[in-house]
Amino acid sequence: MTNTGEARGFERTLGWIKEVDAELKIIIAGNHDLSLDKDWYYRYGRHYHINPEDPSQLFTSLPSNIHYLEEESRTFTLSSGATFKVYGSPWTPEFGFWAFNYPHDIDRWNPDPTRRRNKTAVDRDPIPEDTDILITHGPPQGFHDEVYPGRQNVGCLHLRRAVERIRPRLHVFGHIHEGRGVTRVTWKEGGGEEKRMTVPVLGASDMAALAKSSGACPALEVDVSKSGEVLAENETLVVNASVMAVTMMVTHAGVLVDMEFPVVQCGEGPLSA
1 MTNTGEARGF
11 ERTLGWIKEV
21 DAELKIIIAG
31 NHDLSLDKDW
41 YYRYGRHYHI
51 NPEDPSQLFT
61 SLPSNIHYLE
71 EESRTFTLSS
81 GATFKVYGSP
91 WTPEFGFWAF
101 NYPHDIDRWN
111 PDPTRRRNKT
121 AVDRDPIPED
131 TDILITHGPP
141 QGFHDEVYPG
151 RQNVGCLHLR
161 RAVERIRPRL
171 HVFGHIHEGR
181 GVTRVTWKEG
191 GGEEKRMTVP
201 VLGASDMAAL
211 AKSSGACPAL
221 EVDVSKSGEV
231 LAENETLVVN
241 ASVMAVTMMV
251 THAGVLVDME
261 FPVVQCGEGP
271 LSA
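If you read the sequence shown in full-length UniProt numbering, its first letter stands for residue 1, the second for the next number, and so on.
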């Protein structure tokens, strides 16, 4: 949300989010939102800010349709009746001197049975099995997580195992600017991947032409609803929605995903919306 966790940066971003015409808005922090990681900021904040910043009050007075998730799950129901569970977390493996980082041998995402014996766990609730939408700041290992030079994969292995375990309908993240893109994963019945494919985004060529002529950045669209290539029950749409380029400038468009969730109406079976 910010470059270094300054209060005015949060005010600017939250002001923009409030203006977005959407029934429900879900936000998480990232590694640059230094002042929201209180333990980290207490120890290292002086390296960035002469006067300590405390933006926490901005997140306790949000409108009722904006939800800030801090490594937690919530279930939401839209006016259409569509209901889904969302898990959101700002944490990423150590990658530079930033907030919300954890050592690579720490598993924040899985219950004990899936943790490697030589790995350390932390006292955190694992991502629930019935998660429909997973929102993390960073990517799982091997999915839109390559950095240059060297094309090194810097995503989290533990998070990848969590995604394979819960198989959410949608996993969206950012963090790795070079990795922006969309992948559709089909899971095997017994575990692991059956296949994956890069998903073309609608309007990509138009966006490039418009950006060149006007400097505008319209959203890119991925349609996995009934009007597009519908997402199967054993599939996950993985989206790196980074808007910042490797130049550290906001030059990418957002990504708009069209998908459907079940609706249960009183006295009727499940529908979709």
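Glycine is no exception: its CB is placed at the ideal position from the N, C-alpha and C atoms.
{"query": "Just to confirm the assignment, what range does the beta strand (DSSP E) spanning S89 have?", "result": "83 to 89"}
{"query": "Within 10 angstroms of the Cβ of W16, are there 16 or more other Cβ atoms? Answer buried if so, exposed if not.", "result": "exposed"}
{"query": "Please state whether DSSP places W16 in a helix, a strand or coil.", "result": "helix"}
{"query": "Please report how far the alpha carbon of G181 lies from the alpha carbon of P103, in whole angstroms.", "result": "26 Å"}
{"query": "Measuring CA to CA, which of A29, S35, M244 is closest to E70?", "result": "A29"}
{"query": "Considering only residues of the same chain and omitting the five flanking positions on each side of E129, which have a CB-CB separation below 8 Å?", "result": "R165, I166"}
{"query": "Beta-carbon within less than 6 Å of G225's beta-carbon, same chain only, minus the 5 sequence neighbours each way: which residues are those?", "result": "Contrary to the premise, residue 225 reads as Ser rather than Gly in this sequence. Hits under 6 Å: D258, M259, E260."}
{"query": "DSSP has S73 in a bridge; who is on the other side?", "result": "Y87"}
{"query": "Quick one: what does DSSP say G179 is sitting in, helix, strand or coil?", "result": "helix"}
{"query": "Could you check if T92 is buried or exposed, using at least 16 other CB atoms within 10 Å of its CB as the buried criterion?", "result": "buried"}
{"query": "Could you give the DSSP three-state label for Y148: helix, strand or coil?", "result": "coil"}
{"query": "Distance, Cα to Cα, V147 vs M1?", "result": "21 Å"}
{"query": "Rounded C-beta distance between H137 and F100? I'm assuming under 8 Å.", "result": "7 Å"}
{"query": "List the DSSP bridge partners of K195.", "result": "T186"}
{"query": "Measure how close the beta-carbons of P126 and P111 come, nearest whole angstrom, since I'm counting them as under 8 Å.", "result": "5 Å"}
{"query": "With burial defined as no fewer than 16 other Cβ atoms inside 10 Å of the residue's Cβ, what is the status of residue 295: buried or exposed?", "result": "Because residue 295 is not part of the residues shown, which for the chain are 1 to 273, the question remains open."}
{"query": "Quick one: is T236 buried, meaning 16 or more other Cβ sit within 10 Å of its Cβ, or exposed?", "result": "buried"}
{"query": "Pair every Cβ in the segment 187 to 202 with every Cβ in the segment 170 to 178, then say whether three or more of these pairs are closer than 8 Å.", "result": "no"}
{"query": "Given this structure, state the Cα-to-Cα distance separating G269 from F84, to the nearest angstrom.", "result": "Interpretation of G269 is limited by its pLDDT of 47, a score under 50 that renders its predicted location unreliable; the figure taken from the coordinates is listed afterwards. Distance between the alpha carbons of G269 and F84: 16 Å."}
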